[in-house]
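Top line first, the protein sequences correspond to chains A and B.
For the first sequence, position 72 matches number 631 in this note's numbering, and the numbering has no gaps at all.
For the second sequence, position 159 matches number 718 in this note's numbering, and the numbering has no gaps at all.
A virtual CB, placed ideally from N, CA and C, is assigned to each residue, including glycine.
The next block holds one structure in the form of structure tokens; read it before the comments.
There are 2 protein chains.
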Amino acid sequence: MDPPIVDGTTRLLGIVGDPIAQVRAPAMLSGLLRHNGVDALCVPFHVRPADFLTLLNGLRGMRNLAGVIVTVPHKAAAAGRADILLPRARLARAANVLLRGEDGRWTADMLDGVGFVAGLLAAALNPAGKRALVAGAGGVGTAICFALAEAGTSEIALFDADPARAEDLARRLRAVGAAARVASPDPVGYSLVVNATPLGMRPDDPVPIDPARLDPAATVADVVSKPVMTKFLLAAKRRGCFVQPGTRMTEYQMAAMAAFFGFLGGDWSPAAVAALGLY
Amino acid sequence: MDPPIVDGTTRLLGIVGDPIAQVRAPAMLSGLLRHNGVDALCVPFHVRPADFLTLLNGLRGMRNLAGVIVTVPHKAAAAGRADILLPRARLARAANVLLRGEDGRWTADMLDGVGFVAGLLAAALNPAGKRALVAGAGGVGTAICFALAEAGTSEIALFDADPARAEDLARRLRAVGAAARVASPDPVGYSLVVNATPLGMRPDDPVPIDPARLDPAATVADVVSKPVMTKFLLAAKRRGCFVQPGTRMTEYQMAAMAAFFGFLGGDWSPAAVAALGLY
């Protein structure tokens with residue numbers, strides 16, 4: 560007799576986003592929690608931006624809630640509302656994880672960049688010394704840029720549909736010592752090219768960067784996780800590039816998330832995710 | 560390859576209580592939802608009374624939340640906060656289910672009494688014409704009394720540790736035409752005896768009614784669901800009484816809950832619950 564999927568004793572971990580149907584964390588993390596014998600589930604919380612802060616306030620008193628994972632478009636608001644900002648969230652001005660304290664206070668961290676760089680390192684693609692082009696200076700793009708700066712990229716070129724947003728991020732990266740500047744989306748000359756925009760989630764989205772101009776030796780990454788292989792990544796792969804889909808950033812973030820939320824011990828590795836046979 | 564336990568598309572049904580570890584609904588309803596091919600889970604929300612209204616407010620905007628089941632000690636507050644009170648909840652001044660409208664409004668109903676009477680009827684124990692003794696005039700006791708009145712019991716005798724609360728309920732029952740009065744907890748002369756107090760949840764709780772004075776031909780019911788067989792029910796069974804545990808009230812309520820929350824079709828019967836092999 561299998562234990563029930565969920566019981567009165569089960570702890571929860573929410574993931575808050577809008578839209579929410581595309582998120583992988585509920586299946587991945589719930590599978591890992593079960594695999595590791597933890598009586599907890601990761602479940603989707605679908606709220607619009609106008610309702611996000613009211614939800615956070617309502618959840619402060621939910622005693623079996625470990626915390627929430629925060630995804631598009633709530634990452635900046637999450638950092639803005641958190642009671643305690645850990646350094647990565649403070650630098651990024653965005654958070655993708657909020658830990659609920661016993662006293663109802665929210666502690667924020669930003670782990671997208673951690674997962675992104677961990678995924679590259681695991682493929683022996685050390686970003687140290689590389690020239691990087693990043694399209695998208697929103698929450699996830701910002702987190703990735705700071706993680707790349709920390710990992711020692713030699714240069715970060717930024718592009719955003721909103722030039723002021725790109726310029727602001729470049730300035731904040733320079734403030735921590737990174738060689739960052741606003742650039743065009745032309746990927747010629749970069750060995751690491753990242754799409755950190757939402758382009759690719761919808762079938763009719765344009766590609767964020769012209770794949771025909773990618774260096775076949777470049778590493779090309781995307782933050783979109785549904786579809787796993789975006790139009791952009793498929794084109795990059797056809798050119799011979801090593802590609803890292805958004806799911807990989809998520810998979811390599813599971814161990815950091817488990818530790819942040821206090822689920823210690825167990826196997827939270829991408830191999831354990833793969834063993835779940837989800838997708 | 561099994562579908563994942565939960566995914567980004569999964570709808571939620573919460574159950575709010577304090578304590579929460581003992582509730583059966585998450586395992587039962589989640590099992591039934593899965594069995595019936597519905598992509599939804601019932602999950603526990605543990606909040607203290609001081610945080611209950613803030614939680615309800617926060618959940619108004621959770622678009623993948625069908626609603627919440629409400630249990631001890633929040634049933635009266637749930638009815639107080641609901642935007643729309645259906646007749647059973649209005650009479651009971653308590654609600655155990657809140658449907659979230661698309662516009663964020665809460666519609667309240669009280670299904671405990673429905674499940675309680677459905678359980679008796681399924682065992683061919685029609686309460687019509689019977690004399691009933693009910694200990695406990697709180698939310699669930701009130702719901703059971705109104706359901707018994709509707710089912711045609713000839714008399715309802717009430718006992719509560721707070722005599723004013725019992726008297727108030729008796730008056731409200733008389734207002735809808737029931738022969739209700741406050742009485743002692745002595746079960747002599749009653750053919751239906753109900754514990755609607757929380758006594759029996761803890762191993763050292765006293766029995767709410769003296770089992771030695773039960774008529775062996777009486778039907779004896781409890782609302783406590785953990786343990787399934789309370790000290791009171793075990794003693795009643797030894798005397799030869801037919802006993803209905805709190806789990807039976809819950810099991811016979813599943814179909815009404817599924818319909819209330821809009822999960823139409825499928826098998827929500829106690830036989831389907833039993834087939835889950837949970838307890």
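Just confirm the distance between the C-beta atoms of residue i and residue j, as a whole number of angstroms; I'd bet it's less than 8 angstroms.
i                            : j                            : result
alanine 777 of chain A       : serine 750 of chain A        : 5 angstroms
arginine 570 of chain B      : alanine 599 of chain B       : 4 angstroms
alanine 638 of chain A       : arginine 659 of chain A      : With 8 angstroms as the limit, alanine 638 of chain A and arginine 659 of chain A do not qualify as a contact, their Cβ atoms being about 16 angstroms apart.
valine 582 of chain B        : proline 603 of chain B       : 6 angstroms
serine 828 of chain A        : alanine 815 of chain A       : At roughly 12 angstroms, the Cβ-Cβ gap does not stay under 8 angstroms, so serine 828 of chain A and alanine 815 of chain A are not in contact.
proline 770 of chain B       : phenylalanine 791 of chain B : 6 angstroms
methionine 808 of chain B    : glycine 674 of chain B       : 5 angstroms
phenylalanine 611 of chain A : alanine 636 of chain A       : 5 angstroms
tyrosine 811 of chain A      : glycine 678 of chain A       : 4 angstroms
leucine 837 of chain A       : methionine 621 of chain A    : With 8 angstroms as the limit, leucine 837 of chain A and methionine 621 of chain A do not qualify as a contact, their Cβ atoms being about 27 angstroms apart.
glycine 617 of chain B       : asparagine 616 of chain A    : 6 angstroms
leucine 835 of chain B       : histidine 633 of chain B     : At roughly 26 angstroms, the Cβ-Cβ gap does not stay under 8 angstroms, so leucine 835 of chain B and histidine 633 of chain B are not in contact.
By the 10 Å Cβ neighbour count, where 16 or more other Cβ atoms means buried, how is residue i classified, buried or exposed?
i                        : result
alanine 710 of chain B   : buried
proline 686 of chain B   : buried
proline 746 of chain B   : buried
glycine 748 of chain B   : exposed
leucine 670 of chain B   : buried
aspartate 668 of chain B : buried
alanine 817 of chain B   : buried
proline 589 of chain B   : It is worth fixing the name first, because residue 589 of chain B is serine in this sequence and not proline. When all chains shown are included, serine 589 of chain B counts as buried.
serine 784 of chain B    : buried
proline 585 of chain A   : buried
glycine 573 of chain B   : buried
aspartate 721 of chain B : exposed
leucine 644 of chain B   : buried
aspartate 566 of chain B : buried
alanine 580 of chain A   : exposed
alanine 694 of chain B   : buried
alanine 648 of chain B   : buried
alanine 653 of chain A   : buried
alanine 723 of chain A   : exposed
alanine 794 of chain B   : buried
Between residue i and the rest of its own chain, which residues show a CB-CB distance below 6 angstroms, the 5 nearest in sequence each way excluded?
i                         : result
tryptophan 665 of chain B : Ala641, Asp642 and Leu657
valine 782 of chain A     : Val699, Ala755 and Gly805
leucine 592 of chain A    : Ala599
valine 676 of chain A     : Ala706 and Ala710
valine 832 of chain A     : Met587 and Glu810
alanine 702 of chain A    : Ala651, Met669, Asp671 and Gly672
Return the chain-ordered list of same chain residues with a C-beta closer than 7 angstroms to the C-beta of residue i, the five sequence neighbours on each side being excluded.
i                            : result
alanine 708 of chain A       : Ile715, Leu732, Val735 and Ala737
lysine 796 of chain B        : Val802
valine 606 of chain A        : Val575, Asp577 and Leu614
alanine 725 of chain B       : Ala696, Leu717, Phe718, Asp719 and Val741
valine 752 of chain B        : Leu692, Pro746, Ile768, Leu773, Ala777 and Val779
alanine 729 of chain A       : Leu717, Ala739, Arg740 and Val741
glycine 799 of chain A       : Pro775
phenylalanine 820 of chain B : Leu572, Ala625, Gly626 and Leu658
serine 713 of chain A        : Gly688, Lys689, Arg690 and Ala738
alanine 830 of chain A       : none
Could you name the residues that DSSP lists as bridge partners for residue i?
i                            : result
phenylalanine 604 of chain B : B:Val575
phenylalanine 801 of chain B : B:Thr778
valine 693 of chain A        : A:Leu717 and A:Val753
glycine 626 of chain A       : A:Leu572 and A:Leu658
alanine 599 of chain B       : B:Arg570
isoleucine 643 of chain A    : A:Thr666
Which same chain residues, not among the five before or five after residue i, have their C-beta less than 8 angstroms away from its C-beta?
i                        : result
proline 765 of chain B   : Leu758
glycine 596 of chain A   : Gly825
alanine 683 of chain B   : none
aspartate 727 of chain B : Ala696
Within the segment 717 to 761 of chain A, ranges of the alpha helix (DSSP H) (whole runs, at least 4 residues): 722 to 734
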